[in-house]
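For reference, the structure is listed below as structure tokens.
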Amino acid sequence: MDSRAFLGLQQTHNPFRWFLPVDLRLCTGGNFLYGGSALGAAISALEGTTGRNVIWTTAQYLSYARPGEVMDIDVYVPVEGNAITQARVIGHVGEREIITVNAALGDRDFEFGGQFVTAPEAGRPDEYKNWRHRHIAEGTIHDFMEERVVKARSEEQLDGTPGDGQTVMWARLPQVIDGVDAATLGVLGDFVPRGVGQALGIRGGGNSLDNTLRVMNLVPTTWVLLDIRVQGV
């Protein structure tokens, strides 16, 4: 199964319109579409329409889509250059706008390159325990994710003492066996609210207002190491 099949995203006869049935498995325990699911679907639609790979997206979450609804995803392509396409997505349920995404897609040959960010130290995913959710609703998105904690306090350890703002964990979508693509990263990249509770030392979080994803180089893998850093609350 690839990420598009996992999400259940479908294209219409119009190559610029897609639709996403809002199944419970794509939602949070709060009974609304998980932000990562919405961004992942938008990325998949962008790539499917343009035929190019996402290198940058930024999303604004505007409203909630509920289980049983259908979110239409409209792709707009104002600029399509020789190497780079600039596009945007509006995801909506009827007239209610759920998510807006701006994106750049494509590739450009360049003889130089490098990575100047150091990944946090972490062992293999199988060296760590699964993350346990206290109030998970059965059949929601976290039932379809696997999360292994590298650096985080348990809920029993959250006594109000602030942390250093960093949470590190391995995560994957076990059903996505065709490897991690940009859409998968979009799904897995929406864990920042969890880092807020860890930073403050409280059993709390929040919901995302926006999210930005930059893709430098995709490699064959099923696990993703998430380095969540909270700079201020």
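Using our numbering, the first residue of the sequence shown is number 448, and each one after it goes up by one.
Quick reminder that beta carbons are idealized off the backbone N, C-alpha and C, glycines included.
Please read all numbers here as calculations on a predicted model, not as lab measurements.
In whole angstroms, what separates the C-alpha of residue i from that of residue j?
| i | j | result |
| --- | --- | --- |
| residue 647 | residue 611 | 9 Å |
| residue 654 | residue 494 | 26 Å |
| residue 637 | residue 513 | 18 Å |
| residue 600 | residue 520 | 38 Å |
| residue 613 | residue 679 | 11 Å |
| residue 651 | residue 640 | 8 Å |
| residue 573 | residue 517 | 37 Å |
| residue 458 | residue 448 | 17 Å |
| residue 667 | residue 454 | 20 Å |
| residue 674 | residue 658 | 15 Å |
| residue 522 | residue 603 | 45 Å |
| residue 467 | residue 552 | 21 Å |
| residue 660 | residue 515 | 28 Å |
| residue 556 | residue 562 | 17 Å |
| residue 656 | residue 524 | 24 Å |
| residue 469 | residue 456 | 10 Å |
| residue 627 | residue 634 | 10 Å |
| residue 643 | residue 478 | 21 Å |
| residue 564 | residue 465 | 36 Å |
| residue 558 | residue 569 | 31 Å |
| residue 625 | residue 607 | 41 Å |
Starting from the Cα of residue i, find the closest Cα among the options and give me that residue.
| i | options | result |
| --- | --- | --- |
| residue 482 | 507, 503 and 498 | 507 |
| residue 567 | 672, 521, 645 and 534 | 672 |
| residue 536 | 503, 528, 619 and 558 | 503 |
| residue 665 | 607, 554, 585 and 577 | 554 |
| residue 649 | 662, 605 and 660 | 605 |
| residue 676 | 598, 551 and 556 | 598 |
| residue 451 | 529, 491, 644 and 530 | 491 |
| residue 623 | 530, 467, 487 and 596 | 487 |
| residue 575 | 478, 644 and 616 | 616 |
May I ask you to check if the CB of residue i is nearer than 6 Å to at least one heavy atom of the ligand ZN?
| i | result |
| --- | --- |
| residue 489 | Absent from the structure shown: the ligand ZN. Ligands present: none. |
For residue i, which residues from the same chain have a beta carbon less than 8 Å from its beta carbon, with the 5 sequence-adjacent residues on both sides left out?
| i | result |
| --- | --- |
| residue 545 | 480, 485, 508, 509, 510, 511, 512, 518, 538 and 539 |
| residue 662 | 500, 501, 502, 503, 629 and 632 |
| residue 609 | 646, 647 and 648 |
| residue 463 | 496, 521, 522, 523 and 524 |
| residue 541 | none |
| residue 528 | 553 |
Can you tell me which residues form a DSSP beta bridge with residue i?
| i | result |
| --- | --- |
| residue 577 | 595 |
| residue 560 | Looking at the DSSP assignment, residue 560 forms no beta bridge with any residue, so it has no partner. |
| residue 666 | BP columns for residue 666 are empty, so no partner. |
| residue 553 | 531 |
| residue 674 | 615 |
Enumerate in chain order the residues of its own chain whose CB-to-CB distance from residue i is below 6 Å, with the five nearest sequence positions on each side excluded.
| i | result |
| --- | --- |
| residue 619 | 593, 669 and 670 |
| residue 526 | 533 |
| residue 547 | 507 and 537 |
| residue 549 | 505 and 535 |
| residue 584 | 476 |
Quick one: what's got a C-beta closer than 7 Å to residue i's C-beta in the same chain, skipping five residues either side?
| i | result |
| --- | --- |
| residue 586 | 471 and 472 |
| residue 475 | 481, 587 and 588 |
| residue 591 | 472, 620 and 622 |
| residue 596 | 575, 576, 578 and 616 |
| residue 530 | 553, 554 and 555 |
| residue 461 | none |
Q) Mind pulling the beta strand (DSSP E) runs of 3 or more residues that sit fully within the stretch 503-550? A) Segments of the beta strand (DSSP E) lying fully in the stretch 503-550: 517-527 and 531-540.
Q.
List, from N- to C-terminal side, the beta strand (DSSP E) runs of 3 residues or more that fit wholly inside the stretch 605-664.
A. Runs of the beta strand (DSSP E) inside the stretch 605-664: 613-619 and 657-661.
Q.
Which complete beta strand (DSSP E) runs does the stretch 448-505 hold, if anything under 3 residues is left out?
A. Counting whole runs of 3 or more residues, the stretch 448-505 contains the beta strand (DSSP E) stretches 464-468.
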